[in-house]
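Residue numbers (our numbering), protein chains in the order written: chain A, 28 to 633; chain B, 321 to 633.
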Amino acid sequence: MTAIAPLPDPQFTPQVEVLAVGDVGSRRTSLFRRLLRNPMAVVAMVWLVLLALVSVFSSVIAPGDPSHGDPINTLLPPGGHFPLGTDAAGHNVLSQLIHGGLFSLAGALLTLVIAVAIGVTGGLLAGYFGGWFDAVSSWLAGIVMALPGIIVLLAARAALGPSMWLSMSVFGVLVSPAFFRLVYAAVTAVRNELYVDAARVSGLSDSRIIGRHILTVVRAPIIIQASMMLGIAIAIQAGLEFLGLGDLNLPTWGGLLRNGFAEIYDAPLLTLWPSLVIGLTCIALTLLGNAMRDELEQSGAAPKKRGAVSEIVREPVVTHAEEAGAKIGETLLEVTDLRVGYDQRDGTVKEVVSDVSFSVHRGEVHGIIGESGSGKTQSAFAIMRLLPEGGRIIGGTVLFEGADLASMSENEMTKLRGRKIAYIPQEPMSNLDPSFTVGSQLVEPLRLKLGLSTAEAKAKALDLLAKVGIPNPERTFKAYPHEVSGGMAQRVLIAGAISCEPDLLIADEPTTALDVTVQAEVLNLLRDLNHELDMGVILVTHNFGVVADLCDRVSVMRNGRIVETGPVRSIFASPEHEYTKSLFAAILDEAPARGALPEPSQGGAK
Amino acid sequence: MVTFIVRRIGAGIVMLVVISTIAFLMLYAGGGDIARHILGQQATQDQVIAKAHDLGLDQPVFSQYAQWLGNALHGNLGQSWFNGQDVTAAMASRFPVTFSIVMGATLLSALLAVVLGVWAASRRGVVDKVVQVVSLLGFAIPGFLVALALVLVLAINLKLFKPTGYTPLTDDPGAWLSSITLPVIALAIGGIASVTQQVRGSVIDALRQDYVRTLRSRGLSRSRVIFKHVLRNAGGPALAVLAVQFIGMFGGAVIIEQIFAIPGLGQVGVSATTQGDIPLVMGLVLVTAALVVVVNLLIDLLQGWLNPKVRLS
């Protein structure tokens, strides 16, 4: 691809954001040390260093004069004085290859120097000062990037004549936008950072700020990009020489390839040697760039994960007794000793939910309450077997209508989801597929799960939209997700969840992302639907107001475990666990008007 | 939407004019030397002056450009300085050849990239590692080396394909397919590598989106969600990379055509460049620029179809 695409692929452009924080200076030394531990990078570096040394000392190392043609010894096989044989004009191929290295590397370096000089200067100026220079240079970068490099190089060769140095300089200009964009993006990201403001306020000159604060941020990405760019330049140069568009007087790898290709039937090895050298050099440069990016990305990502989860403390669960005479429906879901873990990079499993047990009965709302990170959402995902990547159930049973969901096959789970178990997410906008209309997202499961025809499914979807209180179902049906409000989107999601009349509904903080007035409406809607459809509901929340409003039973979660569970009235009346008590204290601070036991029938949300 | 298209077409025309102006000024600034170059060292000074006058090279370069532009707008790109060939006709006869191998390589890239990218992104683990290493190698190895290897192994040693030559589709579809197979593969390697990386990345991103879980919670199977919803959302960035690759392959075809002796635009370009046949080079630049403009417009329209938010703005 190097010879083919005009510019490095954006996918291979290193991520600048990773480096935007922290001390880059010390990281660079450790980057080199870490590269030494990466076998691929070591092999690549050894090859490149060898190549550079051989090229620089080519006149000493090469076994003979590369330009000396011996008309008697043409097309000799490898051996003796000619370790790689001779070409059609009797040149010593090894000598040519070694001398070619000098010119090929020098040409590639010329490209790099010009590209970096133009790209970095332009990117710094455009990004830091903005204004007309920004507009013009960005536009120019776009134009230069638009045309395929080789076509421009052909035109440049026609206009300027055959010079390898000129061609490589032009190529340097052509690829400079890669550096321009890299630096530009980094500078615009950093320019308004507080520490740059602080530097400005403290009286540092613009050039000092650029040098000290901005160049350090883009240094590593530039080195990575440079490594990739050298590979591309070597490939392009070889391509031009191969086409016969370079200096015919200079020994270059591409020229060798051209001579070899002319004899491909008689002496295929002549094509092989330069191909090998060019190919290995391009691969080495790309692998090295890639290894550097990998190391930088890892160092950027690793510290975030540390310390995110506290140790799970095992203590007995405080269980409140059932109220006498309470009406309890059939048991829908029986979760016993559920444990959820995430596979870690080092092979261990991090447990985020531990020994969670609770049950849900038909017609009842079971609240799971706790602060973020307490494992309540993880438990909900585990029941649906929709845990994020790397997560899985590592213990316990989830009995639903007699079958254990924890050990069920994926196919059986797919049949159950939507039809028997449904889910209402927390954040309405991100839970609708932005590329499809609201209507099509409602119709798809209806057709798949209930086998309705398109017309029936549409009629049912419109009914559902009306049922969840959407004023103009036809219009919402045709709308794309970004065209409806958050409250409407949440109603759409509720409509989707109940569309196949499930037995168990899992609602994950269904009101957290909504306005206070809309929260109350959505809670009322959920209560009505619960009564009407006689479902069991698991309501995940961090809000005791919502629990008081809607739930029959509640389990309090902390650090991946349930600490207290029982009927809502009982827990509100006499919380026993310290953590539950502290949660109540927190509400009282926030809203002193609310008593310990509000009337559940009233719709007054917090 | 209409104003969006009109604006994009306008921007494309501006780009064409800018590129053609820069290229013309660069290529035609040579002046009198060009006539000398065409006629050779034996020609007298009078002959050189007469030739320069014939070609209009004695006029100021801007008035030459105005004349060229006027003709170009009527579809006349001038004649070759060396064999009198009509440039427009030369471009028109060579374009389909190059286009067929570039298009073939693009389709192959898109197809394989979706398969490999989705496979790597949804399986992760070993499959993902292998796909990543292989695509990194495909990205690193220059396409013309792949072409040389294919010629050497599949054509010369195993004799599975003819090493060189091109059969037009209208002559013999089977022979056409056989004649473009190796060039298409050689051209596609880099494209496959880059687009696979992009598809893999965007599918992984899309799989982490909340709506994927919600769609799965409605009972849609994982594969249905991936192929209908995830791919649609991952399509935009992948399409942008594919467009860059398409343009890049158009340039890469210059070398590939030389290796397989395919009579496409690249071959004209290389021989015209070596000779200094400026009108043909100018024609090639213009055709390429026009292709870039058209491809970018098509991609914009496709993006609008994929992403309803783009469609509205």
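Don't be surprised by glycine CBs; every beta carbon is placed ideally from N, CA and C.
**Report entry** CA-to-CA distance, B/Ile461 to A/Met255, given in whole angstroms
**Finding:** 12 Å
Query raised in the report: Taking the alpha-carbon positions, what's the A/Pro204 to A/Ile237 distance?
Result: 19 Å
**Report entry** CB contact flag (A/Ile420, A/Leu365, <8 Å)
**Finding:** yes
Query raised in the report: From the DSSP output, which residues share a beta bridge with A/Ile451?
Result: A/Ala534
Query - Closest Cα partner of A/Gly417 within the set B/Ser498, B/Ile509, B/Leu527 - result: B/Leu527
Query raised in the report: Given that B/Ser420 touches chain A, what residues does it touch there, using C-beta distances under 9 Å?
Result: Going along chain A, no residue has its Cβ under 9 Å from B/Ser420, so there is no contact; the nearest lies around 17 Å.
Report task. With 8 Å as the threshold, decide whether the Cβ of A/Ser254 is near any Cβ in chain B. Result -> no
Query - Beta-carbon proximity check, B/Leu585 vs B/Leu604, cutoff 8 Å - result: yes
Query raised in the report: Between B/Val368 and B/Arg356, what straight-line distance do the alpha-carbon atoms span, to the nearest angstrom?
Result: 6 Å
Query raised in the report: Excluding sequence positions up to five away, which residues of its chain have a Cβ less than 7 Å from the Cβ of B/Val515?
Result: Ser429, Ala430, Ala433, Ala558, Val561, Leu562, Gln565
Query raised in the report: Count the other CB atoms within 10 Å of the CB of A/Asp114; is the residue buried (16 or more) or exposed (fewer)?
Result: buried
Report task. On the DSSP bridge assignment, give the partners of B/Gln399 in chain order. Result -> B/Asp406
Query raised in the report: Which partner residues of A/Arg585 appear in the DSSP bridge assignment?
Result: A/Arg588
Requested in this report: Evaluate A/Thr346 with the Cβ neighbour count: other Cβ atoms within 10 Å of its Cβ, from every protein chain shown; 16 or more gives buried, anything less gives exposed.
Outcome: exposed
Requested in this report: Return the residues of the stretch 613–630 of chain B that lie within a Cβ-Cβ distance of less than 7 Å from chain A, sorted by chain order.
Outcome: Leu626, Asn627, Pro628, Lys629
Query raised in the report: Start and end of the beta strand (DSSP E) containing A/Ile395?
Result: 392–396
Query raised in the report: Between which two residues does the beta strand (DSSP E) containing A/Glu378 stretch?
Result: 376–388
Query raised in the report: For A/Arg184, is the classification buried or exposed, using 16 other Cβ atoms within 10 angstroms of its Cβ as the cut-off for buried?
Result: buried
Query raised in the report: Which runs of the alpha helix (DSSP H) fall wholly inside the stretch 336–382 of chain B and span at least 4 residues, in chain order?
Result: 352–359, 365–374
Query raised in the report: So is A/Gly327 in contact with chain B if we call contact Cβ pairs under 8 Å?
Result: Here A/Gly327 scores only 48 on pLDDT, less than 50, and its place in the model should not be relied on; the value that follows carries that caveat. With 8 Å as the cut-off, A/Gly327 does not count as an interface residue toward chain B.
Report task. List the residues of chain B whose Cβ lies closer than 7 Å to the Cβ of A/Lys476, in chain order. Result -> Gly539
Query raised in the report: Relative to the alpha-carbon of B/Gly485, which residue among B/Gly589, B/Thr608, B/Ile576 has its alpha-carbon at the smallest distance?
Result: B/Ile576
**Report entry** chain A contact residues for B/Ala609, given Cβ-Cβ distances below 7 Å
**Finding:** Leu174
Query raised in the report: Whole-angstrom Cβ separation of B/Leu347 and A/Ala186, contact assumed at under 8 Å?
Result: 5 Å
Query raised in the report: Can you find a C-beta in chain B that's less than 8 Å from the C-beta of A/Gly306?
Result: yes
Requested in this report: State yes or no: is the beta carbon of A/Ile413 nearer than 8 Å to at least one beta carbon in chain B?
Outcome: The sequence shown places Leu at residue 413 of chain A, not Ile. Cβ-Cβ to chain B under 8 Å: yes for A/Leu413.
Query raised in the report: Are the C-beta of B/Tyr385 and some C-beta of chain D separated by less than 8 Å?
Result: Of the protein chains in this structure, namely A and B, none is chain D.
Query raised in the report: Counting Cβ pairs closer than 8 Å, one from the stretch 549–563 of chain A and one from the stretch 467–486 of chain A, do we hit at least three?
Result: no
Report task. Can you grab the Cα-Cα spacing for the pair A/Val1 / A/Gly316, in whole Å? Result -> The structure shown does not extend to residue 1 of chain A, since chain A spans only 28 to 633, so no value can be given for it.
Query raised in the report: Can A/Leu139 and A/Ala260 be called in contact, C-beta distance under 8 Å?
Result: yes
Query raised in the report: Buried or exposed: where does A/Ala600 fall if 16 or more other Cβ atoms within 10 Å of its Cβ makes it buried?
Result: exposed
Query raised in the report: In or out: A/Leu283 buried (at least 16 other Cβ within 10 Å) or exposed?
Result: buried
Requested in this report: Could you please give the first and the last residue of the uninterrupted alpha helix (DSSP H) stretch that includes A/Arg13?
Outcome: Nothing can be reported for residue 13 of chain A, as the shown portion of chain A is limited to 28 through 633.
Query raised in the report: Listing by chain order, which chain B residues have their CB less than 7 Å from the CB of A/Gly514?
Result: Correct list: empty, because the minimum Cβ distance to chain B is about 17 Å.
Report task. Scan the stretch 240–269 of chain A for residues whose Cβ lies nearer than 8 Å to a Cβ of chain B and list them as they occur along the chain. Result -> Gly258, Ala262, Ala265, Gly266, Phe269
**Report entry** Cα-Cα separation between A/Met440 and A/Pro472, rounded to whole angstroms
**Finding:** 15 Å
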